[in-house]
Structures are given as C-alpha cells and as structure tokens.
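In my numbering, the protein residues as written are -14 to 454.
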C-alpha cells in the first residue's frame, strides 16, 4: 500500500476512460492532460484574497525576489514557477503556441515581461531553484472554481481566519475524492504585523494559528494552519552582510535610544539617527524587513545572533518559514503520489458527470470503489491530526502511529522501522505484531478521535500484511 499504488490505479482508470471516450476530442484531451500530470512534479498553488501576500510567500519558498511576474499589455494570468537552467518566461496565448520571452526587473517588485500580442492564458517561468525540482509553484489570483483542478495541493494565504475562508469552503467538493481536504494548508500571513508589529507579534500569530487549527470548522477545510511572515522569511533567506552590519549597528545603540527610533518608519528614517547608517540604507532596511521585522531582527542580534548566518537562520525560524517547509514536506511532497492521484480521480469524476454515456457506467462504479478504498487519504488526515494536536495519543503511540501511517516514508520497511533491504520474512512478524497492538488500541482508546486514529493505523498494518501475502 502506497501513494504510488493509488496513482498507478488512478492511471489505469484514466487509460480505461480514454478507451471509452475514443473519438471524443475534448474528453481525450482532458484525459491525456491529466494522465501526463500523474508523472509530473507536484503542483502547489499559492492562492488567497487580494493583498494577502501570495507573491511574497512564493518568493520566500523560492528564496529570491522573483514574484510577481506581470505580463505588460495583458490582463492577469496564472503564473507557474518551475526549475530551469536560466530565468525565462514562457507566455501562452489562448489557442496559440507558447512564446519565450526575457524578464526584466519591475520598478517596484518582482519581474515584468513585455508583451504586445493580446491576451495570455498562463505564464510558465523557468527559475534555477532546488526547491522547484520536484514541485511547481503557482502564484494564483485566487481559488479557482471547481470546473478544473489547477493544482495538486494548495497553500491558502489569508490575513484573517474569518470570512476569508468562505471562498475556500465554497471551492471544496463534498463528493468522491474531493471530500478529503488533504490538499490544503492555510497560511496566516503577515504575522509580523499583528499586535502592532511588536517583536513578539509572530509568536502571538502562531498561537492564534495553533488554536484555530483545532476548531472543527477549520479542521474540516485543511490539513494545517500556520502563521508566517513572508517578508521576514525572504529577508532571512537572502540576508546580506551589509544588512546584518546595519542591523547590528542599530542593536549596539543604548536600548532606549534604539527602541525610540524603531517606534515608526518616520523616526527610523529621520535625521540625527545617532549611528553611521545612512538614510538610504535605513529606507532599504524598511523595504526589506518592515518595521516589525526590524524590531525583531534587532532583538535577535541583542540576544546573541553574532553573524549574518546566525541572524538569517533565526529570522527564517522566527518567521514561521521553517515550520511551513516541514509541513509542506511531510504532508505534501512526501505524499505527492497520493495527492496527484486525488487530482486525477477528481478530474475523471468531472468528466463522467459532464459526459454521461452508457458505456462509461463501469467507470463510475470503479471510480467509486477506488475512492472508497483509498486509505491513503485517511492516512494523510491522521498525519495532519497528529501534527496539529487535533488527535492526541500517548507519546510512544503517537510516534509509532505517524511511522506506520507513512509519515517517515511509505515503503513497508520504512513504515515498520526496519532497514530498507529487509526481506518479507523479516517484515511479516513486525507487521503482525503491530497489527495486534493497534487492534488492542482500537478497544483501549478512551476518545472517539483516538479510536478513529487507531483504526486508521490498524488498517495500514493489515494493508502491509495483505501486500506481503
């Protein structure tokens, strides 16, 4: 049992559908596109309301100031970022071949592409980046409708965990593979701006996120809720020596003097600053960090960040980026096969509902069976519940549950905590022992959540035994 197995079964179902819809050009194109996507890198969309900080988050994940990418002379279009040998944009007009165009630095932020040939359906940007080798990022204008699934996973960026979640709720399907919200994480953005931008603002935002992610309404929409200052994360990833020197110079002032100058942007850029940091450099620091981020950076230097590398690492951790990267790795990247299978199954469901025909009846039945038996989705929900504290187990059991549910790898040996080269005769008794232990736990659990968690882990164990024969 693995996400790869689910993806293989989904691929075979798409192949069967291609036979049924042979000669139907639109359906064939739809199926071919989604069949190809099964072997492509994970598609991760960054979406949310206007002004929520989507492009800043994209930049933080890439580690450079790349987004937004604006096509001059055309309306807004979704922009994908993928690993490539050199920075270049591929512009896709509607119903026409792609054009390759150079990018230039925009006046305010990001990049611009000169374009004079009318509308644009999408843009694909090549950018040399290790983080993009197995994941394609989408800087989206908002959550798409349910006529097509544009990505396998979604980071929904919002400044408020209230009405801003309504579009996310409306976009989710309650049927089939769409009933499992295993593909969404909510990012509470601009965390450094809460609480008046105090140095502990991000800590307060993180506490809010941890409290809200346990709420049933929020838990029903996503895998996790995380607080992030994208601006501070990007500043930490790309911190330069001269920036560190300037922050350290401010931190070296008497605390009362430095704090007074950090009360507002006007005070920070005023004449008579009292330290050799020119006003142009102070303005650049404000653009880079924001006033709240500067307060935090100064506090970190006072607390012992003695080098550029130390301050950069602490800023990344304090910004929430390190925690977000870990969640993306555990819940999205490591389970990309299951998420891509989910995308394919939803796409097939859309097609079968839109193009009903008698000879496709067996496809509907097979799709329903495959989704009903997709234990991988339940494992993903359990992993998120354990991570967020929505389900609590005794420490030893929690560690084992995470491992058996595929949190440390989906191969049988990885799930059982054995060396990768372990033969089946060594795997079997360990899996059998685990199954017995978790069968007992389904009866010993004292809460409904704990019992459901034990049932999921037990199913993972029995699936291993079934595979081993």
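For every residue, glycine included, the Cβ atom is placed at its ideal position computed from N, Cα and C. These numbers were taken from a predicted model, which means no experiment stands behind them.
If contact is defined by three or more beta carbon pairs under 8 Å, each pair taking one atom from either stretch, is the region 10 to 27 in contact with the region 344 to 352? Between the region 344 to 352 and the region 10 to 27 there are fewer than three inter-stretch CB-CB distances shorter than 8 Å, so the stretches are not counted as touching.
Using only alpha-carbon positions, find the residue among 84, 216, 201, 254 that is nearest to residue 44. It is 216.
Return helix, strand or coil for residue 120, following the three-state DSSP convention. If DSSP states are grouped into helix, strand and coil, residue 120 belongs with the strands.
Boundaries (first-last residue) of the alpha helix (DSSP H) holding residue 101: Taken as a continuous stretch (DSSP letters only), residue 101 belongs to no alpha helix (DSSP H), as it is neither H nor E.
Whole runs of the alpha helix (DSSP H) within the region 241 to 281, excluding any shorter than 4 residues: Runs of alpha helix (DSSP H) with 4 or more residues, each lying fully within the region 241 to 281, are found at 250 to 253, listed in chain order.
Pairing CB atoms from the region 280 to 291 with CB atoms from the region 188 to 201, are three or more of them under 8 Å? Output reads no: the region 188 to 201 does not touch the region 280 to 291.
Report yes if the CB atom of residue 212 is closer than 8 Å to the CB atom of residue 241, and no otherwise. Result no, Cβ atoms of residue 212 and residue 241 do not sit closer than 8 Å.
So the alpha helix (DSSP H) residue 356 belongs to, where does it begin and stop? Going by DSSP, residue 356 is part of the alpha helix (DSSP H) stretching over 346 to 357.
6 Å Cβ shell around residue 26 - same chain, five flanking residues per side excluded: Only residues of its own chain outside the window of five on either side were considered, and among them 119, 120, 121 have a CB closer than 6 Å to the CB of residue 26, listed in chain order.
Tell me which residue opens and which closes the beta strand (DSSP E) that residue 111 is part of. It spans 107 to 111 - the beta strand (DSSP E) in which residue 111 sits, taken as one unbroken run.
For the region 405 to 436, which segments carrying the alpha helix (DSSP H) assignment without a break, of at least 4 residues, lie completely within its bounds, in sequence order? As far as the region 405 to 436 is concerned, its whole alpha helix (DSSP H) runs of at least 4 residues are 409 to 429.
Let me know if residue 64 comes out buried or exposed under the rule of 16 or more other beta-carbons within 10 Å of its beta-carbon. With 16 or more Cβ atoms within 10 Å of its Cβ, residue 64 is classed as buried.
Is it right to say residue 335 is buried, meaning 16 or more other beta carbons lie within 10 angstroms of its own, or is it exposed? The Cβ neighbour count for residue 335, taken over all protein chains shown within 10 Å, is at least 16; the residue is labelled buried.
Contacting residues, own chain, Cβ-Cβ under 7 Å from residue 260 (five flanking each side not counted): Excluding sequence neighbours, residue 260 sits near 234, 235, 238.
Report yes or no: do three or more beta-carbon pairs, one from the region 29 to 40 and one from the region 5 to 16, lie closer than 8 Å? Judged by Cβ distances under 8 Å, the region 29 to 40 makes no contact with the region 5 to 16, as fewer than three pairs qualify.
Three or more beta-carbon pairs under 8 Å between the region 415 to 424 and the region 442 to 450, yes or no? In this structure the region 415 to 424 lies against the region 442 to 450, because at least three pairs of beta carbons, one per stretch, are closer than 8 Å.
State yes or no: is the C-beta of residue 108 within less than 8 Å of the C-beta of residue 52? Contact: no.
For a minimum of 3 consecutive residues, which ranges assigned as the beta strand (DSSP E) are wholly contained in the region 180 to 239? With a minimum length of 3 residues, the continuous beta strand (DSSP E) runs that stay inside the region 180 to 239 are 209 to 212.
Could you please give the first and the last residue of the uninterrupted alpha helix (DSSP H) stretch that includes residue 14? Here the alpha helix (DSSP H) through residue 14 covers 10 to 22.
Quick check on DSSP: helix, strand or coil for residue 36? The three-state secondary structure of residue 36, taken from DSSP, is coil.
For residue 127, three-class secondary structure by DSSP: For residue 127, the predicted structure reports a pLDDT of 39, less than 50, and the residue's modelled location is therefore unreliable. The matter cannot be settled from this model.
Residue 456: which of 354, 175, 358, 97 sits nearest, CA to CA? Residue 456 is absent from the structure shown; the chain starts at -14 and stops at 454.
With a threshold of 8 Å on Cβ separation, who are the neighbours of residue 88 within its own chain once the five nearest residues in sequence on each side are excluded? Non-local C-beta neighbours of residue 88 in its own chain, meaning closer than 8 Å and more than five positions away in sequence, comprise 54, 72, 73, 74, 96, 97, 98, 110, ordered along the chain.
Pull up the DSSP beta-bridge partners for residue 394, would you. Here residue 394 is bridged, per DSSP, to 392.
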